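In UniProt numbering, the protein residues as written are 1 to 691.
Even glycine gets a Cβ: it sits at the ideal position worked out from N, Cα and C.
As the structure is a computational prediction, the values presented were derived from the model and not from experiment.
Beneath this line is the structure, given in structure tokens, with notes to follow.
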DNA sequence: CTCTCCCTT
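Structure below.
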């Protein structure tokens with residue numbers, strides 16, 4: 001079925017080394033303590049020198065002396081994330097006590113890289129090398145010289161010191177992922193670099209966007225290239241070659257095609273595990289069950305071990321894909337995009353790529369987010385294929401033709417261009433960016449998205465009619481690391497006499513999958529029955545409040561969570577988030593009070609924050625949003641799904657999948673909307689709704 | 001009758 005003998009795309013085998021750069025770690029809580037060991041450090045030294053980036057050590061240092069910004073292009077595995085900060089340290093960049101800061105887009109990446117580099121330096125984590133992520137600092141302000149952190153932490157540090165005077169070099173890692181925070185931080189750094197000539201920037205990325213990043217950071221407006229302030233350097237990757245195979249004809253059903261391909265590989269190809277990419281949970285489950293059916297008729301000595309992998313899978317199920325494959329078995333992992341960047345599954349030799357990905361896309365007209373299935377970009381396809389070349393040369397099978405590949409867009413559009421920007425705009429304003437429409441974004445978002453964000457912030461009272469942050473409301477709202485609607489509700493929760501309750505609800509809304517969904521038939525039913533114990537007719541937010549109250553009442557016990565099919569790690573995280581927000585409220589002198597079970601107070605306070613997200617039951621029997629007149633439905637996971645449809649609702653989120661769904665609902669009275677948000681509702685509510 | 005995925009002093 002595949003066109004044979006297509007030339008491999010990756011032709012740069014790295015040298016064999018015992019160490020893999022690997023940021024995967026599904027459980028951030030099982031960190032190791034590192035102890036100095038001179039023998040280990042000797043072999044580490046050799047390993048460091050065998051990495052491809054080592055050959056560019058002096059060149060990197062030279063270019064950073066000469067240019068303010070270095071765009072460092074290198075494939076995953078070249079060693080840039082661990083080595084470059086050490087080169088800078090060894091070359092004396094931080095000898096005046098300044099810090100080399102490295103940003104990562106994921107928490108586990110920041111912690112595991114810091115641990116690895118501390119080990120290579122033969123020092124304890126938190127001394128010369130440390131990290132900083134939300135709720136978990138491990139660095140010493142006196143001694144730490146290399147600091148790994150998440151992008152959001154750097155943004156917060158910019159709020160405290162807009163010139164980043166503590167740093168000598170900032171390295172932005174994995175910039176090609178182009179998260180919302182990457183783009184905000186890049187836009188701000190461009191400004192900072194003009195004012196701080198001594199500050200250097202390294203932008204580490206995959207190949208596709210190097211030219212654009214170079215242009216973005218080049219402050220030279222003349223034709224004279226000797227005045228450039230930025231420069232590109234490419235570092236060879238150390239992946240093994242991966243043979244790419246394409247189909248000759250488009251496939252009608254990629255799930256089925258993927259299953260057939262997996263079966264063919266299993267039958268004909270030598271030992272080595274397989275990783276197959278699909279777009280969502282439903283597809284993954286379907287492919288897994290089809291593959292298991294085929295496995296029954298398996299004739300070869302090698303037996304297939306078929307495993308699903310996606311984000312909402314319970315932790316214990318996820319961990320199965322990381323176990324080494326027992327002798328006589330071939331692991332076949334069917335995964336969503338989680339396996340493209342977030343996690344690395346060891347031992348993969350064969351990759352199957354369906355050619356599609358599920359992306360979130362914001363529509364400013366309807367104020368809705370959609371989950372849409374779109375063709376992958378070339379960068380994504382190459383990243384997926386590269387997963388086959390981490391331990392030895394591998395093979396990648398693309399379920400689309402080579403012509404289709406060439407027609408794909410080069411890179412996935414940055415999150416900045418497809419997201420709700422209300423929070424981003426609020427934070428930019430807090431950082432002194434008055435005119436966000438003129439802000440120098442690396443990839444400017446559609447103007448409509450910015451206008452939509454400004455409109456929402458104005459309705460909430462966070463900015464005035466001139467677009468300035470209001471004092472004190474807007475300035476304080478910007479300090480909350482949560483969505484603007486939630487920070488508004490928190491800011492007024494003292495007046496409503498229910499700040500304790502609002503804190504718990506909003507903390508729980510920050511964790512996904514509060515209720516676990518076991519796959520086993522019997523347990524799935526038990527889980528549904530357990531959830532019913534918390535359900536109330538006021539809606540999902542009050543149900544979450546019941547969960548949190550019961551969790552605290554039962555001493556935050558893990559066993560209790562297990563009994564009621566609640567996500568223990570999620571609840572623990574919610575408790576941390578709650579504590580952080582509690583401190584903020586106290587700092588703002590907002591009274592911390594409980595309404596003692598008066599649920600109307602809580603619902604009214606929710607209304608005061610979430611009023612822009614109102615929907616009413618139209619006489620047609622279908623809900624409509626007040627803002628945008630968009631038809632939509634109650635999501636099946638809502639506690640209200642099986643109850644009689646309330647006339648008025650507030651939602652936390654709209655998600656367009658098969659249908660347009662509202663999630664996380666609260667039942668409200670229209671009179672509350674008129675009373676608590678008259679500026680928003682005086683005209684609208686007059687219409688003939690089925691009140 | 002449903003669920004791409006991260007992250008925040």
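Counting only the same chain and skipping the five closest in sequence on each side, list residues whose C-beta sits under 6 Å from that of residue 594. What you label residue 594 is simply residue 594 of the first chain in a count that begins at 1. So the list reads 500, once near-sequence residues are dropped.
Contact set for residue 298: own chain, Cβ-Cβ below 7 Å, skip 5 residues either direction: Position 298 of the first chain, counted from the first residue, corresponds to residue 298. Excluding positions up to five away in sequence, the list reads 304.
Residue 656 in three-state terms, based on DSSP: Counting from one through the first chain, the residue named residue 656 turns up at place 656. Strand at residue 656.
Alpha carbon of residue 33 to alpha carbon of residue 135, nearest angstrom: Here residue 33 corresponds to residue number 33 of the first chain, with the count starting at 1. Here residue 135 corresponds to residue number 135 of the first chain, with the count starting at 1. Residue confidence is low: residue 33 scores 30 on pLDDT, short of 50, so the model does not pin down where it sits. No coordinate-derived value is stated.
Do you know how far the Cα of residue 444 is from the Cα of residue 674? Within the first chain, the letter at position 674 stands for residue 674. Within the first chain, the letter at position 444 stands for residue 444. Spanning the two alpha carbons is a distance of roughly 37 Å.
In the DSSP output, what is residue 369 paired with across the bridge? For the purposes of this step, residue 369 is identified with residue 369 of the first chain, where counting begins at 1. BP columns for residue 369 point to 362, 655.
Considering residue 633, what are the terminal residues of the beta strand (DSSP E) in which it resides? Position 633 of the first chain, counted from the start, is the residue given in the question as residue 633. Counting along the chain, the beta strand (DSSP E) containing residue 633 begins and ends at 631-634.
For residue 206, which of 79, 137, 350, 404 has the nearest alpha-carbon? As a position in the first chain, residue 206 is number 206, starting the count at 1. Ranking the options by Cα distance to residue 206, first place goes to 79.
Taking the alpha-carbon positions, what's the residue 56 to residue 90 distance? Here residue 56 is taken as the residue at index 56 of the first chain, counted from 1. Here residue 90 is taken as the residue at index 90 of the first chain, counted from 1. The alpha-carbon atoms of residue 56 and residue 90 are separated by roughly 15 Å.
Within the chosen definition, does the segment 405-417 reach the segment 251-259 through at least 3 CB pairs nearer than 8 Å? no
With residue 275 as the anchor, note down where its beta strand (DSSP E) starts and where it stops. Locating residue 275 in the first chain gives position 275, where the first residue counts as 1. Residue 275 -> beta strand (DSSP E) spans 273-277.
Just to confirm before moving on: does the CB-CB distance between residue 622 and residue 631 stay below 8 Å? Taking the first chain and counting its residues from 1, one reaches residue 622 at position 622. Taking the first chain and counting its residues from 1, one reaches residue 631 at position 631. In contact: residue 622 and residue 631 (Cβ atoms closer than 8 Å).
Quick one: measure Cβ to Cβ for residue 461 and residue 473, integer angstroms, because I've assumed they're closer than 8 Å. In the first chain, counting from the first residue as 1, residue 461 sits at position 461. In the first chain, counting from the first residue as 1, residue 473 sits at position 473. Indeed they touch by this definition, with Cβ atoms about 5 Å apart.
Measure the alpha-carbon distance for residue 488 versus residue 609 and round it to whole angstroms. For the purposes of this step, residue 488 is taken as residue 488 along the first chain, with counting starting at 1. For the purposes of this step, residue 609 is taken as residue 609 along the first chain, with counting starting at 1. Rounded to whole angstroms, residue 488 to residue 609 spans 5 Å at the Cα level.
Would you mind stating whether residue 616 and residue 626 have Cβ atoms separated by less than 8 Å? Taking the first residue of the first chain as position 1, residue 616 is located at position 616. Taking the first residue of the first chain as position 1, residue 626 is located at position 626. Cβ distance < 8 Å, so residue 616 and residue 626 count as in contact.
Is it buried or exposed, residue 133, if we count other Cβ atoms within 10 angstroms and call 16 or more buried? Locating residue 133 in the first chain gives position 133, where the first residue counts as 1. It is buried - the Cβ of residue 133 has at least 16 other Cβ atoms within 10 Å.
Is residue 137 near residue 127, with beta carbons less than 8 Å apart? Here residue 137 corresponds to residue number 137 of the first chain, with the count starting at 1. Here residue 127 corresponds to residue number 127 of the first chain, with the count starting at 1. No, the Cβ-Cβ distance between residue 137 and residue 127 is not below 8 Å.
Taking the straight line between their C-alpha atoms, what separation do you get for residue 175 and residue 105? Locating residue 175 in the first chain gives position 175, counting from the first residue. Locating residue 105 in the first chain gives position 105, counting from the first residue. When rounded, the distance between both Cα atoms is 9 Å.
May I ask you to report which of helix, strand or coil DSSP gives residue 673? The sequence position of residue 673 within the first chain is 673, counting from 1. Note: residue 673 maps to helix in three-state DSSP.
Check residue 560 in the structure and name its three-state DSSP category. Sequence index remark: in the first chain, residue 560 carries index 560 (1-based). If DSSP states are grouped into helix, strand and coil, residue 560 belongs with the helices.
Give the secondary structure of residue 618 by DSSP, where H, G and I count as helix, E and B as strand, and everything else as coil. Along the first chain, read from residue 1 onward, the residue named residue 618 stands at position 618. Reduced to three states, the DSSP call for residue 618 is coil.
Let me check understanding here. Comparing Cα to Cα, which of 370, 61, 243 lies closest to residue 653? Position 653 of the first chain, counting from 1, holds the residue named residue 653. Answer by Cα proximity: 370.
Along the beta strand (DSSP E) that carries residue 225, what are the first and last residues, could you check? Taking the first residue of the first chain as 1, we reach residue 225 at position 225. No beta strand (DSSP E) contains residue 225, which DSSP labels as neither H nor E.
Distance check for residue 324 and residue 438, CA to CA, integer angstroms please. Stepping through the first chain from its first residue, residue 438 is reached at position 438. Stepping through the first chain from its first residue, residue 324 is reached at position 324. Whole-angstrom Cα-Cα distance: 52 Å.
To which residues of the same chain is residue 187 closer than 7 Å at the C-beta, ignoring the five residues directly before and after it? For this step, residue 187 is matched to residue 187 along the first chain. Once the five neighbours on either side are set aside, the close Cβ partners of residue 187 are 439, 440, 441, 442.
According to DSSP, is residue 317 part of a helix, a strand, or is it coil? To locate residue 317, count along the first chain from 1; it is residue 317. DSSP places residue 317 in helix when its eight states are reduced to three.
Straight-line CA distance for residue 505 to residue 574? To locate residue 505, count along the first chain from 1; it is residue 505. To locate residue 574, count along the first chain from 1; it is residue 574. Distance from the CA atom of residue 505 to the CA atom of residue 574, rounded to whole angstroms, is 9 Å.
Check whether the Cβ atoms of residue 153 and residue 129 sit closer than 8 Å, and answer yes or no. Numbered from its first residue, the first chain carries residue 153 at position 153. Numbered from its first residue, the first chain carries residue 129 at position 129. The answer is no: Cβ separation not under 8 Å.
With a threshold of 6 Å on Cβ separation, who are the neighbours of residue 518 within its own chain once the five nearest residues in sequence on each side are excluded? If you number the first chain from 1, residue 518 lands on position 518. Cβ neighbours of residue 518 beyond the five flanking positions: 524, 527.
Does the separation of the CB atoms of residue 497 and residue 235 fall below 8 Å? Indexing the first chain from 1 puts residue 497 at position 497. Indexing the first chain from 1 puts residue 235 at position 235. Result no, Cβ atoms of residue 497 and residue 235 do not sit closer than 8 Å.
Per-residue burial, residue 214 [other beta carbons within 10 Å of its own, 16 or more giving buried]: Taking the first residue of the first chain as 1, we reach residue 214 at position 214. Buried is the call here.
Should the segment 94-104 be regarded as contacting the segment 259-278, the criterion being three or more beta carbon pairs within less than 8 Å? no
Could you check the C-alpha separation between residue 455 and residue 432 for me, to the nearest Å? The residue you call residue 455 lines up with position 455 of the first chain. The residue you call residue 432 lines up with position 432 of the first chain. Rounded to the nearest angstrom, the two C-alpha atoms are 19 Å apart.
Should residue 380 be labelled buried (16 or more other beta-carbon atoms within 10 Å of its own) or exposed? The count along the first chain starts at 1 and reaches residue 380 at position 380. Around the beta carbon of residue 380, 16 or more other beta carbons sit within 10 angstroms, so the residue counts as buried.
Bridge partners for residue 648 per DSSP, in chain order? If you number the first chain from 1, residue 648 lands on position 648. Note: residue 648 sits in a beta bridge opposite 616.
For residue 648, which residues in the same chain have their Cβ closer than 6 Å to its Cβ, ignoring the five residues on either side in sequence? As a position in the first chain, residue 648 is number 648, starting the count at 1. Setting aside the 5 residues that flank it on each side, residue 648 is surrounded in the same chain by 616, 668, 670, each with a C-beta closer than 6 Å to its C-beta; the list follows chain order.
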